[in-house]
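Going by the working numbering, the letters in the sequence shown line up with residues 17 to 1042, in that order.
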Amino acid sequence: MNLLANSHKNPIAVIVVFLILGILGATALTQLPVQLTPNIERPQITVVNFWRSAAPEEMESEIVQPQEEVLQSVVGVEKLSSTIRAGLAYTTIEFAIDANMQQAFIDVVSAINQAPGRPREAAEPQIVLGQLDMGFSTLLIQNLSEDGNKDFSAYQEMIKQNVAPRLRTIEGITDVNLNSYLEGELQITVDPYRMAALGLSLSQLMQNIANARDVSGGFAEVGRREYTVRYNGQYSTEEFGNMVVAYNDGRPVYLQEVATVTKGYREQRNFAYRNNQPAFYITLSAAKNANTIAIMDELKQRVGQINEQILAPHDLNLVLSFDPSTHIKRAIELVKGNLGIGIILAMLMLYAMLRGVTATLLIGITIPVSLLAAIWGLSLMDRSLNIISLAGLAFSTGMVLDAAIVVQENIVRLRRSGLPLTDAAIQGTREVVPALFASTLTTIAIFTPIIFMQGVEGQLFMDLALTMTFSVGASLLAATLLLPVVAVMALRRDTGNKSTDVFWQRLAGLYQRLMNTRLKQAIAFVALLPGALMIIALMMPRADFLPEAKWEGIITVFNVPPGANYAVLEKEIGQLLINRLEPYRTGGKKPAIRDYNIAMSAGGRVLFIYPKDPAKVKDVLRLLNEEILVGLPDTQAFSFQQSLLSMRTGGSRTVYMNFSGDINQTTRLVAKRAMGRIQDTLAGSVVRPLPGLSDKQPELSVVPDDYALAQSGVTRADIGNAVRVLTDGAYAGEYYDGDRRLDIILKGQAWNTPEQLSAMPIYTPAAGVKTLDQLTTQQRTVGPVSLRHVNGQRALTLAITPPGNIPLEDVISRLRDIIGEIQPELGGQAFISLSGGSDNLKDTISTMSANFGFAILILFLLMMALFRSAVDSLLVLLSTPVALAGGVLALSILNLFTHQALDLLTMIGFVILMGLVVNNAILLVDKTRRAQSQGASLNDAISEAVRTRIRPIYMSTLTSVIGMLPLAVIPGIGSEIYRGLAVVIVGGMLASTLFMVIHIAVLLSVTGQLTTFTRRKPTPNTVTQS
């Protein structure tokens, strides 16, 4: 306590220390990166494989399955899931929450290197730590000329060499992905008839082409010099035609006689539109700790420079398609506004109760000091300024006044009793420091479980816990060191308006009259504690995962007809969508659409729509489902709004129903019936089959005739190469033209019918020229468009996105009922499991239950340390059910007007509420025991505690409530994230304020009477003697 006395000896030093703290916080505020949410790192690794023109079943058997076998042996793997499409496969490996991801990455790389060798044409697998980056921001290049080249192949090298490097140099950008870029190829188009006539086989031609490459010969010492020996076996593009590929009757056969050699591009199997214009897609990746606002501001300037200096001469224009800073600015401005309104309301509430400007401002100085200290703490912890940390600051606005109110009230009380101002400041602070220290410690301790939460939840809400911990801790220092020093300077003439004392005396008298008889105490005891527990048990909502803060855009995902090529998709679906959407974009119809993007490729087929007025999102969603997407040829469309949090965290309310095992026709029929049951049971849900239930790609199966092959002197591999050449083209090697590397693709002439393919001639060593159908048999069948694996088994998955008004806990319960109904229909051929949102919710409930218990234990132990009494510690804890019941009632009332689930952040609100409401209970119990230690009776001690503590209790609680109120009632983008938490705390603290004084006073009285009765109870021996 010497620190308190010493601070008054050198008040200027104390003020300077806090000024320095404020300057550090203000400086940190300008340097903190600004993001929507904190950085999230999921414990997963993704392996991506590419194999040109490979069918899904080839990708599965040659690449994915061998890799999955070795990956399952990696330590810590909890789940493997693979999505396989033509030429593309990605495998997601999920690890335990506490896994060492650096070591896991090393183990995965080692396992992939031990997998069986992949085909020569397949690219090196890409291994990505974390989830796949779906793009920090998206840009599009549009062709403004009327006769522009819509495939952009004429411009893509210019874009790659001039545009991409300028985007890449923006600070914080880690990669520039040219999604519409077509890889260059050296295409050798053969004439199979001419080859057959000249006695040249396709395998022989491929081998000759593969041999035409440069080879290093090492070094040679000649005299005093050392020469590099290099064999220049590669032809230039112009010379390729002069390659001798065979001899016919002693005459050399040149490549130009049987083929044409051209530089070209890989066949375009995608298309993209921005509004009604073809577009070239570019996505940007950013560093995890990047300042989103700063990057986007710089990006917008750079886009203007690129358009003016590079693209304008080519009639091209670069535009931003997705700007994440828009959502961030709106969400953060809303929280900042709520923070400002909360501060103003809290100060007005203080003034209304104090009726003194000086006294109000004295308490108010703890707000900037505490908030700036919290910002400095975030900077020291390498955190960011985001919607979560700003919400923490807003929640802290009223809380940081608590200690200052108690200190100043005690100083003023002692000053009015006749003590000199300096003595009153020192003694008044000294009297309440133990209780304030304990209450602050309980508030901080309650955040410990949140700080040490693991997984996505812990990473997401750590900023909330850190912000409130730093601000509340700083408020204690400001209240006990800064405020008394400033009070001595400022309160010499102003100790507040005494007229308000009458109100508080009457309020204290009212509470005393409500509990002045044992009957009233018994009624209060029975009504409050059991009643609160009953409200909690009966009215607690069902659990959910993350808050559903919706992104203003709408996403539509398409399941297109199997076998449809992209030219047909562009004509029959793309153009139809454009024709239907244009009137809403140009203003001819309502609701107005600002922009839309259509993109279809092997990676997915999506439509993005941005309403002109974000408030009209539901109208646009209704328009899509009732008009725009109706009647698309053989196409299923699923439209939904994505959550801002799931975009950043990868978390989602989507639940996956996995059918694993034998995925046959029976399994597909059962899955189809399950879709119907789900849509009936969970009305409004979006249910997407992955892959599609009728996911059958038309397939031309070419089966070798081994007898004919043997007679002709060719192998299965020879015919396989021939089929690949005659269809999509076969990889024959790599060509470097001094600037870039090109795949050498050997391909046949185009054909239009299977009969034309059958008639293609092939030269064989033993039987001369044979047609393909003489060496093989051909069948028209169907094969999968895509495949899915879960833990190494083929799977069919239903991705279920329920409507926001159904809690995830209810969703999972109903889905389990459906599984129980349909599982017997599968006859043991396949098994059904749930993952995704169900796993998230299970982990969340388990974590929060453990944290809730841990929080109660911490509170009890801290109370034991303060009171040195288990009874008093229990009394303080028994004050929490009334507050928790108030939080539950507040949630129920809110749900009468708008849906509010018991999501993760709302659950954390109940944990925080426990730490807040015990503070007032601590003040009452501490004051009661102090009065008893000075000789007062229990009843007199309780009355003294109520009389002296009711004013600071009401002031601190009401300022906290009024400071948080804007977060609970003001709507806007992102407000759904913290609304539930705010409502729980506001409702719980109001309930605590109204009933806690009675509740604690009654508990103190009852326990005191029980203690007295126990001590006076005579022993059996005493009774006998009497």
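Each residue gets a CB set at the ideal place from its N, CA and C atoms; glycine is no exception.
Per DSSP, the bridge partner or partners of residue i
i: Thr-299; result: Thr-154, Asn-193
i: Gly-784; result: Thr-780
i: Asn-333; result: Gln-158
i: Glu-242; result: Glu-237
i: Ile-761; result: Gln-203, Tyr-747
i: Trp-67; result: Ala-138
i: Ile-571; result: Phe-624, Phe-656
i: Ile-938; result: Bridge partners of Ile-938: none, in fact.
i: Ser-232; result: Arg-246
i: Tyr-672; result: Ala-815, Ser-851
Span of the alpha helix (DSSP H), counted from its first residue to its last, around residue i
i: Pro-141; result: Segment: none, Pro-141 is in no alpha helix (DSSP H) and carries neither H nor E.
i: Glu-642; result: That residue, Glu-642, is in no alpha helix (DSSP H); it is neither H nor E in DSSP.
i: Phe-121; result: 117-130
i: His-24; result: 18-25
i: Tyr-582; result: 582-585
i: Gln-658; result: No alpha helix (DSSP H) contains Gln-658, which DSSP labels as neither H nor E.
i: Ser-219; result: 218-227
i: Asn-55; result: No alpha helix (DSSP H) contains Asn-55, which DSSP labels as neither H nor E.
i: Glu-283; result: Glu-283 -> no alpha helix (DSSP H), and no H or E assigned at all.
i: Ile-322; result: 308-322
i: Ile-100; result: Per DSSP, Ile-100 belongs to no alpha helix (DSSP H); it is in the beta strand (DSSP E), 93-101.
i: Val-274; result: 271-274
i: Arg-429; result: 418-432
i: Phe-453; result: 437-462
i: Ile-986; result: Neither: Ile-986 is in no alpha helix (DSSP H) and is coded neither H nor E.
DSSP-derived helix/strand/coil call for residue i
i: Leu-378; result: helix
i: Gly-666; result: Confidence in Gly-666 is poor, its pLDDT being 44 and thus under 50, which makes the residue's placement too unreliable to answer from.
i: Asn-768; result: coil
i: Leu-698; result: coil
i: Glu-199; result: coil
i: Arg-136; result: coil
i: Lys-605; result: coil
i: Ile-848; result: strand
i: Ser-169; result: coil
i: Gly-677; result: strand
i: Ala-690; result: helix
i: Leu-401; result: strand
i: Leu-805; result: In the sequence as displayed, the identity of residue 805 is His instead of Leu. Here His-805 sits in strand by DSSP.
i: Tyr-251; result: coil
i: Met-531; result: coil
i: Phe-111; result: strand
i: Ile-61; result: strand
i: Ser-617; result: strand
i: Gln-293; result: strand
i: Val-32; result: helix
i: Leu-409; result: helix
i: Arg-732; result: helix
Anticipated Cβ contact below 8 Å, residue i with residue j, distance rounded
i: Gly-41; j: Thr-413; result: Rounded, the Cβ-Cβ distance is 15 Å, inconsistent with contact.
i: Val-86; j: Ala-127; result: 4 Å
i: Val-941; j: Val-1013; result: Not confirmed; about 12 Å, so no contact.
i: Gly-393; j: Asp-479; result: Contact flag wrong, Cβ pair sits at about 11 Å.
i: Leu-355; j: Leu-406; result: 7 Å
The ligand ZN heavy atom lying under 6 Å from the CB of residue i
i: Pro-49; result: Looking at this structure, you won't find the ligand ZN or any other ligand, since it has none at all.
Where the beta strand (DSSP E) through residue i begins and ends
i: Asn-264; result: 260-264
i: Glu-187; result: Premise fails: Glu-187 is in no beta strand (DSSP E) and is neither H nor E.
i: Gly-799; result: 792-800
i: Val-718; result: 712-720
Are at least three pairs of beta-carbons, each pair with one atom in the stretch 731-742 and one in the stretch 841-860, less than 8 Å apart?
-> no
Is there contact between the stretch 567-574 and the stretch 620-632, where contact requires at least three CB pairs shorter than 8 Å?
-> yes
Any 3 or more C-beta pairs closer than 8 Å across the stretch 807-824 and the stretch 700-710 = yes
Three or more C-beta pairs closer than 8 Å, one from the stretch 18-35 and one from the stretch 267-281: is that the case here?
-> no
The stretch 833-844 / the stretch 669-683 touching (three or more Cβ pairs under 8 Å) | yes
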